[in-house]
Amino acid sequence: MKKDRLQADLEGLVKKWKSKKGNLIMILHSIENIYGYVPRDTSLKLSRLLDVPLARIYEVITFYNYFKLEPPGKHNVSVCMGTACYLRDASSLIEEVEKILHIKEGQTTKDSMFHFDVVRCLGCCGLAPVMMIDEKVYGKVKKNEVADILSKYVKEEE
Amino acid sequence: MQKKIIYLKDTDSTQQDRVNDFYTLFSNELRDTNLIEQASVVRIADMGLYEKGVAVKILPENIVYTGLKNTDVKKIIEETIKGNKVIKESLYEKKSKQMRAVLKNCGYIDPESLEDYLAAGGYKALAKVLLEMKPEQVVEELKKSGLRGRGGAGYPTWMKWNFARGMNSPEKYVICNGDEGDPGAYMDRSVLEGDPHSVLEGMIIAGYTIGSSKGYFYIRAEYPLAVERVQKAIDQAVEAGLLGNNILGSNYSFELEIRLGAGAFVCGEETALIASIEGKRGTPHPRPPYPSVKGLWEKPTIINNVETLANIPQLIFGGGAKFASIGTEKSKGTKVFALTGKVKNSGLVEVPMGITIREIIFDIGGGILNNRSIKAVQTGGPSGGVIPQEFLDTPVDYENLGKLGSIMGSGGMIAIDETDCLVDLAKFYLKFCVDESCGKCAPCRLGGYQLLHLLEKISEGKGEMEDLDKLKKISYAMQKASLCGLGQSASNPVFSTIRYFEEEYKKHIIEKKCPAGKCKALIYFKILPPKCKKCGLCFKNCPSAAILGSREAGYVIDPIKCVKCGLCFDVCKFKAVTKE
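Structural data, given as structure tokens:
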């Protein structure tokens, strides 16, 4: 079932973009938006549909930070490490998240509940230090508030 | 009579209790004079005024009084509330040093409404250009205005446009660079989200001037709202006949599309950005040929920053001469800065060129947090440098910042106080550039890595004096030999911190000490016996059992076991734990 949908989505996407030059990145964005990452078999199909070597597609995926090859966690936790956040001690938030979730940056918890990333400027420097869970931004976060924030998402599941 | 509202705020950051006293005074006075029906007092969170004592703003007249004393309350109620008279002695005169031009619509109009933008005078410049001006005249106005690229390098905009205009090619492109990658800068985001039509208008004018019929917005995928609003603005413009065929009945046609960035800092560099729009890895290539000769799909292309384009409509509408009346001799107009770091009021500020850094930090930013003293200001993001506090009175323009070893950049301005370590700061920026280096050319790929390695060595207390020379040598080589702007400027933070703060480096290397207490390997925690109340809180909280002792005997820290997490320092209520 899921595979059929994937196939249909992909064909639709390619149809929409095929006539436009430089379409690869935009197509990858759409795939990433649907699945949260770019699955390998999707890349394979894309390579056939666009008549572009798989290596060319992987070359692009691996160059840009935005594209991922692994499925993300259920909730994505990002701590901003832009300059403003760095100066307002975002590194202590990173330590705290790592301590609570028992994972390092770029990893996903064993239960796939949380994926943790340290990111570049989220563009909310006035609120530094900032952390973001999925689409929600938490500003002026203190180290001792991290546990509370994370626990909200655990409770939601229960 | 309309009911009056008295907004009350203590604008000093130190004495927050006073506001409640004044609230009581005002309330009592209103009650005693039976004016409760005519006016109410509201304590508010922010008035946009700082360090001006107790202040009130009286609506609907919008009268602002500052520096109030207890005795003024009666007078205000008597004269202003009851008698509708203004008390001249207490009146606050607005002397804001900001000047809003690019941001003039942000926050004032609905960014998703074309009507709002039109009502604010939008697209009048476009009409003027399409119906009354020849492309040469547009270039002429730009030349008169002295507008320079706001993305960082400060290249004169008219020259860029004029090169592309002079190229004989049926296909030309206009690109808006919205790949705002500098950590700590977010002015492009604010403009794209707050006033997308102004950028659109700038792009259409650019297209007309160089003879292009197609433009691209290149926006970071990390800014979904900006993408959404720009798309909406494009759709609205198409519907209103401001984009598409025969714009406003002229014979000029132009279309616009969005392309998303995908998280690569190097894509802010114009040749890399072009590669990215073409759907490839964003690696730069040598210039010349410049994009204005051979750019997107090998056709003449101009690439302008969001802020530059947002300047265009008002520049054309008001005329180049008017634009040039603001600023310094070689840098005209206003510049938006993202003021952050250890400053009291962080945020976007727009100031005329030529204002001093001190004015930005102290008069607009309200000074340094916790009243600490300022150590330096960093401008230009990872490609910029630090400016020590003795040069704070330098007027801000492209040349002056360049002379001091920093750059204007896209407008990040970060205040650094005495608790920030500059070795650590240089390390932070360098790590960014090492992560973001595309790897194509050796000076940037290898040089950055080696610099970072040396800085890590120094901050771990293993530095040697010759490391300083090595740092300078590698920095110099990177500046001269790297392929693109990223590599050429990646060593700027190292260069400029050594230039002004060599002493601090030497302290790390010779004395093995970090004066700011930031470099973990070089700090030591100690318990001061006279201040210690033997509460045991540090003992309980220590994660590595490095605190020895008992409630009776008191406590000491074992420097070998200590992991320097700083928990004891944070939990101690008596400031008995010191960090040095």
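Residue numbers (the working numbering), protein chains in the order written: chain B, 223 to 380; chain H, 93 to 672.
For every residue, glycine included, the Cβ atom is placed at its ideal position computed from N, Cα and C.
Since the structure is predicted, the reported quantities are computational estimates derived from the model, not experimental observations.
With 8 Å set as the bound, which would you pick, yes or no: does the beta-carbon of residue i sit closer than that to a beta-carbon of chain B?
i        : result
H/Asn275 : Asn is not the amino acid found at residue 275 of chain H; the sequence shown has Pro there. Output row for H/Pro275: interface = yes.
H/Trp253 : no
H/Arg281 : yes
H/Ser368 : yes
H/Phe587 : no
H/Arg192 : no
H/Phe429 : no
H/Phe520 : yes
H/Val291 : no
Report yes or no: is there a C-beta of chain H within less than 8 Å of the C-beta of residue i?
i        : result
B/Met223 : With a pLDDT of only 41 at B/Met223, under the threshold of 50, the placement of this residue in the model should not be trusted, and no figure is reported.
B/Glu327 : no
B/Val282 : yes
B/His251 : yes
B/Ala350 : yes
B/Met432 : Any answer about residue 432 of chain B is impossible in this case: the structure gives chain B only from 223 up to 380.
B/Ser241 : no
Below 8 Å on C-beta distance, what does residue i contact in chain B?
i        : result
H/Tyr278 : Cys343, Gly345, Cys346 and Cys347
I want to verify the contact list: residues of chain H whose CB lies under 7 Å from the CB of residue i, in sequence order.
i        : result
B/Tyr288 : Ala313, Ala354 and Gly355
Select from the options the residue whose C-alpha is nearest the C-alpha of residue i.
i        : options                                   : result
B/Ser313 : B/Val368, B/Gly244, B/Ile247 and B/Leu271 : B/Val368
H/Ile326 : H/Ser290, H/Ala298 and H/Ser636           : H/Ser290
B/Val301 : B/Ile247, B/Glu281, B/Pro275 and B/Phe336 : B/Phe336
H/Thr420 : H/Val134, H/Ala193 and H/Val443           : H/Val443
H/Pro380 : H/Arg373, H/Gly374 and H/Glu390           : H/Glu390
B/Glu317 : B/Phe289, B/Phe338 and B/His297           : B/Phe338
B/Lys290 : B/Gly244, B/Val274 and B/Ser265           : B/Ser265
H/Met259 : H/Ile302, H/Gly159, H/Pro203 and H/Lys598 : H/Ile302
H/Phe631 : H/Pro622, H/Val648 and H/Asn154           : H/Val648
H/Ala313 : H/Cys359, H/Asn343 and H/Gly299           : H/Cys359
H/Cys268 : H/Asp113, H/Ile550, H/Ala637 and H/Val322 : H/Val322
H/Lys656 : H/Lys665, H/Glu644 and H/Val669           : H/Val669
H/Ile449 : H/Thr432, H/Lys436, H/Asp485 and H/Lys467 : H/Asp485
B/His297 : B/Gly258, B/Lys321 and B/Thr305           : B/Gly258
B/Lys322 : B/Asp311, B/Val299 and B/Leu344           : Per the sequence shown, the amino acid found at residue 322 of chain B is Ile instead of Lys. Out of B/Asp311, B/Val299 and B/Leu344, B/Val299 has the C-alpha closest to the C-alpha of B/Ile322.
Taking C-beta pairs closer than 9 Å, name the residues in chain B that residue i reaches, listed in chain order.
i        : result
H/Phe593 : Those within 9 Å of H/Phe593 in chain B number zero; the least Cβ separation is about 16 Å.
H/Arg351 : Gly244, Ile247 and Met248
For chain D, find out if any of its Cβ atoms is closer than 8 Å to the Cβ of residue i; answer yes or no.
i        : result
H/Lys144 : Checking the listed chains, one finds no chain D in this structure; the protein chains it contains are B and H.
Any C-beta of chain H within less than 9 Å: which residues of the region 291-311 of chain B qualify? Cys302, Met303, Gly304, Thr305, Ala306, Cys307, Tyr308, Leu309 and Arg310
Pair every Cβ in the region 486-506 of chain H with every Cβ in the region 455-475 of chain H, then say whether three or more of these pairs are closer than 8 Å. yes
Please list the residues of the region 332-343 of chain B that have a C-beta atom closer than 9 Å to any C-beta atom in chain H, keeping them in chain order. Val341, Arg342 and Cys343
Residues of the region 431-444 of chain H with a CB closer than 7 Å to any CB of chain B: list them in chain order, please. Thr432, Gly433, Lys434, Ser438 and Gly439
Output needed in chain order: residues of the region 610-639 of chain H with a Cβ under 8 Å from some Cβ in chain B. none
Chain B contacts from the region 367-391 of chain H (Cβ-Cβ distance under 9 Å): Ser368, Ile369, Glu370, Gly371, Lys372, Arg373, Gly374, Thr375, Leu388 and Trp389
Does the count of Cβ pairs from the region 600-620 of chain H and the region 573-583 of chain H closer than 8 Å reach three? no
Residues of the region 496-512 of chain H whose Cβ lies closer than 8 Å to any Cβ of chain B, in chain order: Gly504, Ile506, Ile508 and Asp512
For the pair the region 514-533 of chain H and the region 453-463 of chain H, tell me if three or more CB-CB distances fall below 8 Å. no
With contact counted as at least three CB pairs below 8 Å, one residue from each stretch, are the region 267-283 of chain H and the region 188-199 of chain H in contact? yes
With three or more beta-carbon pairs closer than 8 Å as the criterion, would you say the region 113-120 of chain H touches the region 157-173 of chain H? yes
Is it a yes or a no for the region 119-129 of chain H touching the region 201-217 of chain H, going by three-plus beta-carbon pairs under 8 Å? no
Report yes or no: do three or more beta-carbon pairs, one from the region 223-234 of chain H and one from the region 245-258 of chain H, lie closer than 8 Å? yes
Counting Cβ pairs, one atom from each stretch, are 3 or more of them under 8 Å apart for the region 244-252 of chain B and the region 349-359 of chain H? yes
Counting beta carbon pairs with one atom in the region 171-178 of chain H and one in the region 138-156 of chain H, are three or more of them shorter than 8 Å? yes
Decide yes or no for the touch test of the region 208-218 of chain H against the region 394-414 of chain H: beta carbon pairs closer than 8 Å, at least 3 of them. yes
Count the C-beta pairs between the region 261-276 of chain B and the region 229-240 of chain B that are closer than 8 Å, then say yes if the count reaches three, no if not. yes
Any contact between the region 563-570 of chain H and the region 356-370 of chain H? By contact I mean 3 or more CB pairs, one from each, below 8 Å. no
I'd like to know if the region 577-588 of chain H and the region 598-611 of chain H are in contact, where contact means that at least 3 CB-CB pairs between them fall below 8 Å. no
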